[in-house]
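Report on the following structure.
There are 2 protein chains.
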Amino acid sequence: MNKLSKKTEYALMALKLFNDIDLESKGLKPRSRNILRLTVSAQDIAEQTHAPYDVISRVLQVLSSRGILKAEYGLFGGYQLSKNLNDVTVHELIDALESSTDLAKCLSSENDCELSSKCTIVTPITQLNLKVQNFYKSITLHEVLHV
Amino acid sequence: MNKLSKKTEYALMALKLFNDIDLESKGLKPRSRNILRLTVSAQDIAEQTHAPYDVISRVLQVLSSRGILKAEYGLFGGYQLSKNLNDVTVHELIDALESSTDLAKCLSSENDCELSSKCTIVTPITQLNLKVQNFYKSITLHEVLHV
DNA sequence: CAATATACGACAAATTTTGACGTATATTGA
DNA sequence: TCAATATACGTCAAAATTTGTCGTATATTG
Numbered sequence: 036m037n038k039l040s041k042k043t044e045y046a047l048m049a050l051k052l053f054n055d056i057d058l059e060s061k062g063l064k065p066r067s068r069n070i071l072r073l074t075v076s077a078q079d080i081a082e083q084t085h086a087p088y089d090v091i092s093r094v095l096q097v098l099s100s101r102g103i104l105k106a107e108y109g110l111f112g113g114y115q116l117s118k119n120l121n122d123v124t125v126h127e128l129i130d131a132l133e134s135s136t137d138l139a140k141c142l143s144s145e146n147d148c149e150l151s152s153k154c155t156i157v158t159p160i161t162q163l164n165l166k167v168q169n170f171y172k173s174i175t176l177h178e179v180l181h182v
Numbered sequence: 036m037n038k039l040s041k042k043t044e045y046a047l048m049a050l051k052l053f054n055d056i057d058l059e060s061k062g063l064k065p066r067s068r069n070i071l072r073l074t075v076s077a078q079d080i081a082e083q084t085h086a087p088y089d090v091i092s093r094v095l096q097v098l099s100s101r102g103i104l105k106a107e108y109g110l111f112g113g114y115q116l117s118k119n120l121n122d123v124t125v126h127e128l129i130d131a132l133e134s135s136t137d138l139a140k141c142l143s144s145e146n147d148c149e150l151s152s153k154c155t156i157v158t159p160i161t162q163l164n165l166k167v168q169n170f171y172k173s174i175t176l177h178e179v180l181h182v
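Protein chains in written order, with the working numbering: chain A, 36 to 182; chain B, 36 to 182.
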């Protein structure tokens with residue numbers, strides 16, 4: 036535990052890919068930019084990241100539902116960045132793809148831990164949780180991917 | 036994922052307990068301190084934390100092997116704090132009880148990910164990992180438990 | 001309307017965590 | 001010395017979670 040899931044890793048790979056494409060396109064002359072197709076299909080992404088199609092496809096759907104990517108149906112459809120990665124934090128990514136952003140299960144609303152009332156560490160864990168979340172909110176994906 | 040394991044939670048509960056005992060004992064007059072028994076058995080801790088004996092017993096053994104607790108065999112034996120919690124970081128706790136402190140499986144030495152050479156996000160994940168670890172190293176258990 | 005692509009429900013496989021049992025070792029006190 | 005108590009630790013079963021697969025519905029393009 037205390038690890039990122041494969042899904043989040045795949046997301047990072049995909050986002051790095053989109054980001055690289057974005058950077059390339061910025062080096063082009065204005066006219067060429069319109070010709071360049073910026074959307075990439077889930078299948079292409081699966082190939083380039085070596086991730087299983089079904090899984091990364093889900094990941095892309097989630098990123099799309101969160102407004103980080105933009106999806107297009109049909110032939111020549113696919114995904115493209117819809118946000119500047121400077122404006123997306125690691126916390127947002129975790130929130131999108133991990134089961135929850137909380138550091139412990141007992142902190143989630145549907146907590147079934149019958150001890151919660153007599154638990155001695157609710158407050159400590161809540162405070163630590165807050166610190167961790169603020170930490171992840173302070174790191175942008177741009178920071179993470181531009182190294 | 037991205038959560039603390041039950042083991043780590045149990046450890047926090049136990050350490051809070053030890054810490055509270057420590058605080059109480061400091062309120063006593065010097066003479067009484069010698070009379071007060073500061074070691075607590077795994078069984079007592081299991082009862083007070085409502086954790087399964089076998090599990091918390093293992094946790095205590097680990098904390099003991101890391102020098103955070105001190106163990107005593109035999110009748111009236113048990114565990115007691117052997118370090119000031121100001122000197123123990125959250126990172127140390129995670130290192131002791133989680134499978135690893137790394138943010139991703141691909142970072143561990145016995146990594147079986149066959150992509151590692153062509154993986155596009157090794158560097159980003161390594162850097163993020165470093166940040167997270169430094170963050171956890173900056174928080175002491177004293178900070179966490181005294182809220 | 002055929003080809004291509006996203007969207008999503010359901011479920012099987014794999015992995016990891018959690019907890020239980022049995023046994024060995026060490027210490028204390030009668 | 002021996003019985004009681006407590007830590008130490010190997011092994012393994014149960015439970016939970018993650019990861020990956022299949023099938024099908026919906027949307028867009030030419």
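No residue lacks a Cβ here, since even glycine has one placed at the ideal position from N, Cα and C.
From a predicted model like this one, the values you see are computed outputs, not experimental measurements.
Residue burial classification, residue i (beta-carbon count within 10 angstroms, cutoff 16)
i	result
B:PHE111	exposed
A:LYS153	exposed
A:LEU180	buried
B:THR158	exposed
A:ASN119	exposed
B:GLU127	buried
B:LYS42	buried
A:TYR108	exposed
A:LEU39	buried
B:LEU132	buried
B:LEU52	buried
A:GLY113	buried
B:ASP137	buried
A:LEU239	Within the shown structure, residues of chain A are numbered from 36 to 182, placing residue 239 of chain A beyond reach of any answer.
B:ASN121	exposed
CB contact check: residue i to chain A, cutoff 8 Å
i	result
B:PRO87	no
B:LEU138	yes
B:SER134	yes
B:VAL182	yes
B:ILE91	no
For residue i, the nearest candidate out of the options (CA to CA)
i	options	result
B:VAL90	B:GLY102, B:ARG101, B:SER100 and B:ALA77	B:ALA77
B:ALA81	B:VAL157, B:LEU47 and B:LYS118	B:LEU47
A:LEU98	A:ASN121, A:ILE129, A:GLN83 and A:ASP79	A:ILE129
B:VAL75	B:LEU163, B:SER92, B:LYS38 and B:VAL123	B:SER92
A:THR161	A:TYR108, A:LYS140 and A:LEU176	A:LYS140
A:TYR88	A:LEU50, A:TYR45 and A:GLU59	A:TYR45
B:ARG182	B:ASP55, B:ASP137, B:TYR114 and B:LEU63	Note on residue identity: the sequence assigns Val, not Arg, to residue 182 of chain B. Among B:ASP55, B:ASP137, B:TYR114 and B:LEU63, the Cα nearest to that of B:VAL182 belongs to B:ASP55.
B:THR175	B:LEU163, B:THR124 and B:SER144	B:THR124
A:HIS85	B:TYR171, B:THR155 and B:HIS177	B:THR155
B:GLN234	B:LYS38, B:LEU50, B:LEU138 and B:ARG101	Residue 234 of chain B is absent from the structure shown; chain B starts at 36 and stops at 182.
B:ASN164	A:LEU163, A:PHE170 and A:PRO65	A:PHE170
B:HIS177	B:GLN96, B:ILE103 and B:MET36	B:ILE103
B:LYS172	A:VAL167, A:LEU73 and A:LYS172	A:VAL167
is_contact[residue i, chain B] using C-beta, thresh 8 Å
i	result
A:GLU127	no
A:SER144	no
A:LEU104	no
A:SER40	yes
A:ILE156	yes
A:ILE80	no
A:GLN162	yes
A:PHE170	yes
A:ASN37	yes
A:LYS118	no
A:GLU107	no
A:VAL179	yes
In DSSP terms, what residue i is bridged to
i	result
B:VAL157	B:VAL157 pairs with nothing; no bridge assigned.
A:TYR171	DSSP output for A:TYR171 lists no bridge partner at all.
A:LYS105	A:GLN115
A:THR74	BP columns for A:THR74 are empty, so no partner.
A:THR124	A:THR175
Chain A contacts made by the region 48-64 of chain B, where a contact means CB separation under 8 Å: Per Cβ criterion, the list reads MET48, LYS51 and LEU52.
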